[in-house]
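Residue numbers (my numbering), protein chains in the order written: chain G, 61 to 169; chain U, -2 to 167; chain S, 363 to 445.
C-beta: ideal position from N, C-alpha, C; glycine also.
Below you'll find the structure, written out as structure tokens, and then a few comments.
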């Protein structure tokens, strides 16, 4: 087996497992804010799969675009989670800063 | 900082626009992968629009010129934390299957002091939020300027201030 | 079936729980189902492109990745207002 195919397969399996675990986490967690972390995790799975495609295809048209999609997903994932988290805190408390008080109480207790 | 003269300002804008145009044209070529003349003309036109948009945004201080280079010296810290956090969050997904609990994670607020003049203050806060949220175990919610605190949610509460503010900007 | 197509099939089945969360759970939880589904579909399109060596699928992924982000951001902002 060519070493590039081997490396691509390793990345493909790792990326696939991470994506499946992200879905598993989404279903298994009960808390809204706990579930948000799996959006970030899923984007890293996508990046690993994109890297697998690059190893297989080299920097061909499909390889380049796959890498672009992977990088976009990884860079926008935290933005999406950050915005969603803020929106949900505003929805619950009227202001996201309300969670600051809660965090300080939790840390002191 | 001394006021820039008008020719210097124009030259600076032209340089920034040119850099934006080259980057946008390169991205267009990467996406299209055809070097026929009609495609090159369309690409050049699209790059003009993109570079103009970027320059207009830059003029408003939305992007660029607001991050000091020395803040990026510790950029390796959040990047190195990513593989470990992927393992941690994956393990938490499996743990949640075994142990049913209402919540595993918690919000944490840590000190975020210091102040810069604008537009660097906005850049400092934005960079701290971005770097803190890069690894999937920690997501920064925001920076409370009044109380000088940075608020984050961690799925597995761990580590000290450096896990939430890895670039130590606060 | 090659390994890319198998991976695309597995991730296709992983969309079902996301759909379940979006349908059954409260709206904010459903939004997270939608966000993960967006990442999954982009990945599936990449895998199909590689699996079938068809370039149009990867173009769809290139468009979907930012569009899914924009759609989710709009939903997140709308949900601030107790919709």
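| message | Could you check whether the Cβ of residue 151/G sits closer than 8 angstroms to any Cβ belonging to chain S? | response | Start at 1 with the first residue of the first chain, and residue 151/G comes out as number 91. For residue 151/G, the closest Cβ of chain S is nearer than 8 angstroms.
| query | Can we count residue 40/U as close to the ligand FMN, meaning its CB is less than 7 angstroms from some heavy atom? | reply | The ligand FMN is not part of the structure shown, which contains no ligands of any sort.
| Is the Cβ of residue 371/S closer than 8 angstroms to any Cβ of chain G? | As a first step, residue 371/S is located in the third chain; it is residue number 9 there, counting from the start. Interface residue (Cβ-Cβ distance to chain G less than 8 angstroms): residue 371/S is not classified as such.
| Using the beta-carbon of each residue, which ones in chain G are nearer than 7 angstroms to residue 438/S? | Indexing the third chain from 1 puts residue 438/S at position 76. Residue 438/S reaches chain G at 143, 144, 147, counting residues in chain order whose Cβ is nearer than 7 angstroms.
| task | Could you tell me which chain G residues have their CB closer than 7 angstroms to the CB of residue 424/S, listed as they occur along the chain? | result | Counting from one through the third chain, the residue named residue 424/S turns up at place 62. Those within 7 angstroms of residue 424/S in chain G are 125, 128, 129.
| query | Got a sec: is the Cβ-Cβ distance from residue 10/G to anything in chain S below 8 angstroms? | reply | Chain G is shown from 61 up to 169; residue 10/G falls before or after that span and cannot be answered.
| message | Residues of chain U with CB closer than 8 angstroms to the CB of residue 116/G, please, in chain order. | response | Taking the first chain and counting its residues from 1, the one referred to as residue 116/G is at position 56. What residue 116/G touches in chain U: nothing, since even the nearest Cβ is about 18 angstroms away.
| query | For the alpha helix (DSSP H) that contains residue 78/G, what are its first and last residues? | reply | Counting from one through the first chain, the residue named residue 78/G turns up at place 18. In the DSSP assignment, residue 78/G falls within the unbroken alpha helix (DSSP H) covering 63 to 88.
| When we look at the beta-carbon of residue 63/G and count the other beta-carbons within 10 Å, is it buried (16 or more) or exposed? | Taking the first residue of the first chain as 1, we reach residue 63/G at position 3. Result: exposed.
| What is the rounded straight-line gap between the Cα of residue 117/G and the Cα of residue 365/S? | Start at 1 with the first residue of the first chain, and residue 117/G comes out as number 57. Start at 1 with the first residue of the third chain, and residue 365/S comes out as number 3. A straight line joining the alpha-carbon of residue 117/G with that of residue 365/S spans about 14 angstroms.
| Roughly how many angstroms separate the alpha carbons of residue 115/G and residue 67/G, rounded to a whole number? | Here residue 115/G refers to the residue found at position 55 of the first chain. Here residue 67/G refers to the residue found at position 7 of the first chain. The alpha-carbon atoms of residue 115/G and residue 67/G are separated by roughly 7 angstroms.
| said: With a threshold of 6 angstroms on Cβ separation, who are the neighbours of residue -2/U within its own chain once the five nearest residues in sequence on each side are excluded? | reply: Counting from 1 along the second chain, the entry for residue -2/U is found at position 1. Low confidence applies to residue -2/U: its pLDDT is 45, below 50, so where it sits in the model is not reliable enough to give any reading.
| Expressed to the nearest angstrom, what Euclidean distance is found between the alpha-carbon atoms of residue 165/G and residue 147/U? | Position 105 of the first chain holds residue 165/G. Position 150 of the second chain holds residue 147/U. Cα to Cα, residue 165/G sits roughly 15 angstroms from residue 147/U.
| message | Can you check which of these residues, 155/U, 10/U, 166/U, is closest to residue 78/U by C-alpha distance? | response | On the second chain, residue 78/U is found 81 positions in, with the first residue counted as 1. Nearest of 155/U, 10/U, 166/U to residue 78/U, Cα basis: 155/U.
| query | Taking C-alpha atoms, which residue in 71/G, 88/G, 151/G lies nearest to residue 97/U? | reply | Working through the second chain from its first residue, we reach residue 97/U at position 100. The alpha carbon of residue 97/U has as its nearest neighbour, out of 71/G, 88/G, 151/G, the alpha carbon of 88/G.
| query | Applying a beta-carbon distance threshold of less than 7 angstroms, which residues of chain U neighbour residue 121/G? | reply | Start at 1 with the first residue of the first chain, and residue 121/G comes out as number 61. In chain order: 30.
| said: For residue 161/U and residue 80/U, I'd like the C-alpha separation in whole angstroms. | reply: Indexing the second chain from 1 puts residue 161/U at position 164. Indexing the second chain from 1 puts residue 80/U at position 83. Roughly 16 angstroms between the two C-alpha positions.
| query | Where does the unbroken alpha helix (DSSP H) through residue 141/U begin, and where does it stop? | reply | Taking the second chain and counting its residues from 1, one reaches residue 141/U at position 144. In the DSSP annotation of this structure, residue 141/U is not part of any alpha helix (DSSP H); the continuous beta strand (DSSP E) holding it starts and ends at 135 to 141.
| task | Give the straight-line distance between the Cα atoms of residue 39/U and residue 379/S, rounded to the nearest whole angstrom. | result | Start at 1 with the first residue of the second chain, and residue 39/U comes out as number 42. Start at 1 with the first residue of the third chain, and residue 379/S comes out as number 17. Taking the straight line from one Cα to the other gives about 43 angstroms.
| request: Kindly provide the ranges of any alpha helix (DSSP H) runs that are 4 or more residues long and lie completely inside the segment 96 to 130 of chain G, ordered along the chain. | output: Those alpha helix (DSSP H) runs which fall completely within the segment 96 to 130 of chain G and span 4+ residues do not exist here.
| field | Cβ-Cβ distance between residue 98/G and residue 398/S below 8 angstroms | value | Start at 1 with the first residue of the first chain, and residue 98/G comes out as number 38. Start at 1 with the first residue of the third chain, and residue 398/S comes out as number 36. Cβ atoms of residue 98/G and residue 398/S: closer than 8 angstroms.
| task | Mind listing, in chain order, the continuous alpha helix (DSSP H) runs of no fewer than 4 residues lying wholly within the segment 47 to 77 of chain U? | result | Within the segment 47 to 77 of chain U, no complete alpha helix (DSSP H) run reaches 4 residues.
| Looking only at C-alpha atoms, which of 89/U, 123/U, 135/U, 141/U sits nearest to residue 110/U? | In the second chain, counting from the first residue as 1, residue 110/U sits at position 113. Ranking 89/U, 123/U, 135/U, 141/U by Cα distance to residue 110/U puts 141/U first.
| query | If we ignore side chains and look at the alpha-carbon of each, how far apart do residue 138/G and residue 136/U end up? | reply | On the first chain, position 78 is the one that residue 138/G refers to. On the second chain, position 139 is the one that residue 136/U refers to. Spanning the two alpha carbons is a distance of roughly 7 angstroms.
| Just by C-beta distance, which residues in the segment 408 to 421 of chain S are closer than 8 angstroms to chain G? | So the list reads 408, 409, 411, 412, 415, 417, 420, 421, given in the order they occur along the chain.
| query | On the premise that residue 110/G lies in contact with residue 129/G, defined as a C-beta separation below 8 angstroms, what is that separation, rounded to the nearest angstrom? | reply | Position 69 of the first chain holds residue 129/G. Position 50 of the first chain holds residue 110/G. With 8 angstroms as the limit, residue 129/G and residue 110/G qualify as a contact, their Cβ atoms being about 6 angstroms apart.
| request: Can you tell me which of 10/U, 42/U, 6/U puts its alpha carbon nearest to the alpha carbon of residue 23/U? | output: The residue you call residue 23/U lines up with position 26 of the second chain. Of 10/U, 42/U, 6/U, the residue nearest in Cα terms is 42/U.
| field | chain B contact residues for residue 102/U, given Cβ-Cβ distances below 8 angstroms | value | This model lacks chain B altogether; the protein chains it does include are G, U and S.
| field | Nearest to residue 86/G (by Cα), restricted to the options 132/U, 100/U, 33/U, 29/U | value | Numbered from 1 along the first chain, position 26 holds the residue referred to as residue 86/G. Residue 86/G has its Cα closest to that of 100/U, out of 132/U, 100/U, 33/U, 29/U.
| Residues in its own chain within less than 6 angstroms of residue 141/G by CB, not counting five upstream and five downstream? | Locating residue 141/G in the first chain gives position 81, where the first residue counts as 1. So the qualifying residues of the chain are 96, 99, 100.
| query | From residue 423/S to residue 3/U, what does the alpha carbon distance come to, in whole angstroms? | reply | Within the third chain, residue 423/S is the residue found at index 61, counting from 1. Within the second chain, residue 3/U is the residue found at index 6, counting from 1. Approximately 44 angstroms, taken between the alpha carbons.
| message | Would you say residue 78/G lies against chain U (beta-carbon separation less than 8 angstroms)? | response | In the first chain, residue 78/G corresponds to position 18, counting from 1. At least one chain U Cβ lies under 8 angstroms of residue 78/G.
| query | List, in order along the chain, the chain G residues whose C-beta lies closer than 7 angstroms to that of residue 168/U? | reply | The structure shown does not extend to residue 168/U, since chain U spans only -2 to 167, so no value can be given for it.
| In the structure shown, what three-state DSSP assignment does residue 149/U receive? | By 1-based counting over the second chain, the position of residue 149/U is 152. In the structure shown, residue 149/U falls within a strand segment according to DSSP collapsed to helix, strand and coil.
| Among 64/U, 75/U, 105/U, 163/U, which has the Cα closest to the Cα of residue 115/U? | The sequence position of residue 115/U within the second chain is 118, counting from 1. For the residues 64/U, 75/U, 105/U, 163/U, the minimum Cα distance to residue 115/U belongs to 64/U.
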